[in-house]
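Line order of the protein sequences matches chains A and B.
Under this note's numbering, the first residue of the first sequence is numbered 34, with each subsequent residue one higher.
Under this note's numbering, the first residue of the second sequence is numbered 3, with each subsequent residue one higher.
First the structure, in the form of structure tokens, and then the observations on it.
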Amino acid sequence: MEEFSGRAGGPPDPADVASDALDGEPVWDDRLRLVFTCAHPALPMDSRVALTLRTVGGLDTGEIARAFHVPEPTMGQRISRAKRKIRHAGIPYRVPTADLLPERLDGVLAVLYLIANEGYLASHGEALQRLDLAAEAIRLARLVVDLMPDADEARALLALMLLQHARSAARVDGDGDLVPLPEQDRTAWDAAEITEGLALLEGPTDGSAPGPYRLQADIQAVHARARTADDTDWPAILARYDELAMLADSPFVALNRAIARGMAFGPRAGLDDLALLEASGRLDGYHLLPAAQADLLRRQGETDAAAERYREAIALARTAPERRFLERRLAELSSD
Amino acid sequence: MEYALFYAEGADALPYVAADDNVGEWVDDVEARGVSEYGERLRPEQDATTVRVRGGEVLVVDGPFTESKESIGGFDVIDASDLDEAIEIASKHPVASFGRVEIRPFMRWPDADPDERIVPAGFADEAPRGRRYLMLVVVEPGGERGAADGAPAEDDDPEAWVQEMDGRGVRRFGEVLRPPADATFVRRRHGEVLVTDGGFTEAKEWVAGFDLIEVQGGLAEAIEVASKHPMARGGAIELRPLWPFDVHEDHVARTEREAAERGLRLEPAAAEALAEVAR
Numbered sequence: 034m035e036e037f038s039g040r041a042g043g044p045p046d047p048a049d050v051a052s053d054a055l056d057g058e059p060v061w062d063d064r065l066r067l068v069f070t071c072a073h074p075a076l077p078m079d080s081r082v083a084l085t086l087r088t089v090g091g092l093d094t095g096e097i098a099r100a101f102h103v104p105e106p107t108m109g110q111r112i113s114r115a116k117r118k119i120r121h122a123g124i125p126y127r128v129p130t131a132d133l134l135p136e137r138l139d140g141v142l143a144v145l146y147l148i149a150n151e152g153y154l155a156s157h158g159e160a161l162q163r164l165d166l167a168a169e170a171i172r173l174a175r176l177v178v179d180l181m182p183d184a185d186e187a188r189a190l191l192a193l194m195l196l197q198h199a200r201s202a203a204r205v206d207g208d209g210d211l212v213p214l215p216e217q218d219r220t221a222w223d224a225a226e227i228t229e230g231l232a233l234l235e236g237p238t239d240g241s242a243p244g245p246y247r248l249q250a251d252i253q254a255v256h257a258r259a260r261t262a263d264d265t266d267w268p269a270i271l272a273r274y275d276e277l278a279m280l281a282d283s284p285f286v287a288l289n290r291a292i293a294r295g296m297a298f299g300p301r302a303g304l305d306d307l308a309l310l311e312a313s314g315r316l317d318g319y320h321l322l323p324a325a326q327a328d329l330l331r332r333q334g335e336t337d338a339a340a341e342r343y344r345e346a347i348a349l350a351r352t353a354p355e356r357r358f359l360e361r362r363l364a365e366l367s368s369d
Numbered sequence: 003m004e005y006a007l008f009y010a011e012g013a014d015a016l017p018y019v020a021a022d023d024n025v026g027e028w029v030d031d032v033e034a035r036g037v038s039e040y041g042e043r044l045r046p047e048q049d050a051t052t053v054r055v056r057g058g059e060v061l062v063v064d065g066p067f068t069e070s071k072e073s074i075g076g077f078d079v080i081d082a083s084d085l086d087e088a089i090e091i092a093s094k095h096p097v098a099s100f101g102r103v104e105i106r107p108f109m110r111w112p113d114a115d116p117d118e119r120i121v122p123a124g125f126a127d128e129a130p131r132g133r134r135y136l137m138l139v140v141v142e143p144g145g146e147r148g149a150a151d152g153a154p155a156e157d158d159d160p161e162a163w164v165q166e167m168d169g170r171g172v173r174r175f176g177e178v179l180r181p182p183a184d185a186t187f188v189r190r191r192h193g194e195v196l197v198t199d200g201g202f203t204e205a206k207e208w209v210a211g212f213d214l215i216e217v218q219g220g221l222a223e224a225i226e227v228a229s230k231h232p233m234a235r236g237g238a239i240e241l242r243p244l245w246p247f248d249v250h251e252d253h254v255a256r257t258e259r260e261a262a263e264r265g266l267r268l269e270p271a272a273a274e275a276l277a278e279v280a281r
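Printed below as a string of structure tokens:
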């Protein structure tokens with residue numbers, strides 16, 4: 034461990050080193066240290082995200098504020114409070130020691146994943162996608178992969194981002210409305226991003242069990258390889274969701290797993306799982322639960338029940354394009 | 003960098019298991035590494051006395067400054083290389099496994115002597131010359147910041163109090179802490195170290211600093227000392243007697259022996275002690 038005594042005549046105070054670096058123009062070698070400093074677990078999550086975009090990504094405070102729909106002074110405060118904490122709490126400016134590295138790398142990837150998710154599916158607002166944030170997350174993940182080429186989960190996260198981002202042009206139509214995966218024009222997917230994403234998943238691994246990013250990337254890879262929606266290998270996707278469910282007890286994983294079961298073994302199997310999930314109350318108020326139920330009921334021909342679920346989902350939808358998509362589906366039900 | 007570690011049983015605390023208590027190993031480790039300055043256990047909150055001065059009158063209550071679910075059970079002052087080392091040290095303390103450890107950096111004054119430590123050299127090995135109390139200086143709403151007569155706010159500056167109490171040999175050490183936003187919480191659950199930010203900005207009351215005092219006149223003198231601190235008027239002062247124990251003793255036997263006195267107030271009633279001050 035590097036030793037900083039912080040006393041007179043000794044090496045520079047770690048707090049000063051970190052805050053000077055945060056304010057300066059980082060050189061390449063400094064970037065990895067910056068990534069870890071900005072994603073330190075002693076900082077609040079929203080500050081980690083903002084600080085990473087600001088100091089590693091080089092975005093200005095106004096851009097970050099607009100991306101997260103908060104007033105610029107609020108974002109400025111968030112960033113300066115985080116810098117203050119780095120200085121005063123003695124958050125180190127260095128790549129963590131080997132024993133801490135896996136855990137701290139998880140923290141860095143969590144920040145990038147959050148940025149990418151916000152880019153992929155905005156949590157609120159008029160636009161469904163925020164390409165600026167998605168592209169920024171990819172840029173930052175590339176940086177981490179370049180700096181730590183042996184980190185499997187970092188490569189997997191970059192692959193996941195690329196495979197999702199590859200579909201961005203096909204995910205919305207000319208009116209800015211959502212186009213669901215089965216209806217997307219697959220020729221509009223970005224072939225270069227898919228090739229790069231798949232290649233990242235093919236390299237040698239460090240032999241450890243696949244982590245959550247690897248499993249999610251594998252799922253996206255199955256979609257990317259399917260020439261048509263009907264070619265999708267749903268049992269393979271379901272197997273990955275089974276593994277994900279073992280790693281993390283997440284209601285969102287349970288939701289996607291239920292959908293995959295419905296696609297692999299028929300709507301009834303999926304609806305049974307979704308009924309259990311609904312009874313658990315863990316996704317109360319989340320629009321994608323009734324939306325998934327509506328979709329499986331529609332596939333099963335239960336039009337009235339599907340319509341009821343679509344109405345529930347519409348009431349809960351958080352972005353305008355999602356709401357319009359659900360309304361269109363509801364309208365299609367009665368016209369069929 | 004110097005940090006205060008506060009040990010507490012949080013809202014999500016697991017039961018204390020004396021057989022798993024390895025605090026002796028922890029103390030040996032921090033002493034061998036030279037990061038430990040001083041640390042002690044505190045008597046439970048039944049033995050706390052909170053002192054406030056409002057409108058010039060000294061008010062005392064038996065008990066802690068807040069009905070919080072999290073009560074401080076002990077503290078340490080450490081000198082670590084940075085926050086990661088402080089987190090590592092905190093995570094190995096037995097309280098991290100069932101309660102939580104709060105890491106608070108100290109305020110660092112621009113004119114401070116960089117060689118001076120919070121705890122004076124040799125203090126940890128010194129035999130007490132009187133009854134020791136940890137004096138928690140608390141910021142809370144309703145405090146009279148600045149003097150009641152509208153005199154300048156510099157009156158909140160404890161410098162005169164520090165000089166007086168240092169002169170009387172009552173104050174042994176103490177320092178202002180960085181605000182709660184700079185705190186870090188450490189827990190260990192299922193073998194995993196969980197680090198979270200302080201994020202306490204909404205808290206209405208918080209510990210802004212502490213002093214260790216040593217008095218000959220028991221709780222009455224401690225109340226008199228606390229009531230003179232400007233933050234008794236600006237907030238509250240909580241007095242907690244230290245509760246030393248042999249860290250290398252068998253903790254199962256110790257816990258059994260202490261069970262009876264754990265829930266008791268061994269201190270005199272605060273009101274009686276205050277009456278003694280008046281005499």
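Beta carbons: idealized from backbone N, C-alpha and C, even for Gly.
Given the structure is predicted, the values throughout are model-derived calculations rather than measurements.
Closer than 9 Å by beta-carbon distance: list the chain B residues that pair up with residue i, in chain order.
i	result
Ala242(A)	Result: empty, since nearest Cβ-Cβ is about 17 Å, beyond 9 Å.
Pro245(A)	The premise fails here: Pro245(A) is roughly 16 Å from chain B at the closest Cβ pair, so nothing lies under 9 Å.
Pro31(A)	Since the displayed chain A opens at 34 and closes at 369, residue 31(A) lies outside it and no answer follows.
Leu359(A)	Ordered by position in chain B, no residue passes the 9 Å Cβ test against Leu359(A), which lies about 36 Å from the chain.
Among the options, which residue has its Cα nearest to the Cα of residue i?
i	options	result
Asp251(A)	Ala83(A), Arg260(A), Asp266(A)	Asp266(A)
Val62(B)	Arg170(B), Val249(B), Ala255(B), Val227(B)	Val227(B)
Arg170(B)	Leu138(B), Val29(B), Glu216(B)	Glu216(B)
His253(B)	Trp28(B), Ala20(B), Ala10(B)	Ala20(B)
Thr52(B)	Asp248(B), His250(B), Ala224(B)	Ala224(B)
Asp263(A)	His102(A), Asp239(A), Glu216(A)	Glu216(A)
Thr122(A)	Gly36(B), Ile120(B), Met233(B), Thr186(B)	Residue 122(A) is actually Ala in this sequence, not Thr. Cα-wise, what sits closest to Ala122(A) is Thr186(B).
Gly145(B)	Met233(B), Asp115(B), Asp213(B)	Met233(B)
Arg267(B)	Trp245(B), Arg281(B), Ala277(B)	Trp245(B)
Phe67(B)	Asp248(B), Leu241(B), Arg264(B)	Leu241(B)
Arg258(A)	Thr238(A), Val286(A), Ile227(A), Ser283(A)	Ile227(A)
Gly41(B)	Arg119(B), Gly193(B), Phe77(B)	Phe77(B)
Arg315(A)	Leu288(A), Glu186(A), Ser113(A), Asp337(A)	Leu288(A)
Val141(B)	Ala272(B), Lys206(B), Asp22(B), Ala273(B)	Lys206(B)
Arg172(A)	Gly95(A), Leu359(A), Arg64(A)	Arg64(A)
Asp206(A)	Pro354(A), Ala302(A), Leu234(A)	Pro354(A)
Arg219(A)	Asp239(A), Met279(A), His256(A), Pro237(A)	His256(A)
First and last residue of the beta strand (DSSP E) that includes residue i?
i	result
Tyr40(B)	38-43
Ile74(B)	73-81
Met279(A)	Element bounds for Met279(A): not the beta strand (DSSP E) but the alpha helix (DSSP H), 267-280.
Ala10(B)	4-11
Arg106(B)	102-107
Leu214(A)	Neither: Leu214(A) is in no beta strand (DSSP E) and is coded neither H nor E.
Can you name the residues of chain A whose CB is closer than 8 Å to the CB of residue i?
i	result
Val1(B)	Absent from the model: residue 1(B). The displayed extent of chain B is 3 to 281, so no value can be given.
Arg180(B)	His121, Ala122
Pro107(B)	His121, Ala122, Gly123
Could you check how far apart the C-beta atoms of residue i and residue j are, in whole angstroms? I think they sit under 8 Å.
i	j	result
Asp310(A)	Ala291(A)	For clarity, residue 310(A) is Leu in the given sequence; the question names Asp instead. Indeed they touch by this definition, with Cβ atoms about 6 Å apart.
Arg133(B)	Gly220(B)	6 Å
Asp199(B)	Pro268(A)	With a Cβ gap of about 42 Å, Asp199(B) and Pro268(A) do not count as contacting.
Ala293(A)	Leu271(A)	4 Å
Ala6(B)	Ser73(B)	Not quite, the Cβ-Cβ distance comes to about 16 Å (not below 8 Å), so this is no contact.
Val139(B)	His231(B)	7 Å
Arg190(B)	Ala98(B)	4 Å
Lys118(A)	Asp184(B)	5 Å
Residues of chain A with a CB under 7 Å from the CB of residue i: which are they?
i	result
Leu85(B)	Ala75, Ala122, Gly123, Ile124, Pro125
Ala183(B)	Arg114, Lys118
Thr186(B)	Ala75, Ala122
So the alpha helix (DSSP H) residue i belongs to, where does it begin and stop?
i	result
Gly295(A)	284-298
Ile97(A)	94-100
Val279(B)	272-280
Leu370(A)	Missing from the structure shown is residue 370(A); chain A here goes from 34 to 369 and no further.
Tyr135(B)	First-last for Tyr135(B): 133-141, but that is the beta strand (DSSP E), not the alpha helix (DSSP H).
Arg219(A)	Note, Arg219(A): premise wrong, no alpha helix (DSSP H); not H, not E.
Using a C-beta to C-beta distance shorter than 8 Å, which residues of chain B count as neighbours of residue i?
i	result
Pro129(A)	Asp86
Count the C-beta pairs between the stretch 187-203 of chain A and the stretch 245-252 of chain A that are closer than 8 Å, then say yes if the count reaches three, no if not. yes
Looking at C-beta atoms only, is the number of pairs between the stretch 91-111 of chain B and the stretch 259-269 of chain B that lie closer than 8 Å three or more? no
Tell me, please, whether the stretch 121-139 of chain A touches the stretch 68-87 of chain B by the rule of three or more beta-carbon pairs shorter than 8 Å. yes
I want to know whether the stretch 168-186 of chain B touches the stretch 99-115 of chain B - three or more CB-CB distances under 8 Å. yes
Below 8 Å, can you find three or more Cβ-Cβ pairs linking the stretch 23-35 of chain B to the stretch 127-143 of chain B? no
The stretch 205-213 of chain A in contact with the stretch 171-188 of chain A per 3-pair CB rule at 8 Å: no
Quick check: the stretch 77-88 of chain A against the stretch 131-139 of chain A, are at least 3 beta-carbon pairs closer than 8 Å? no
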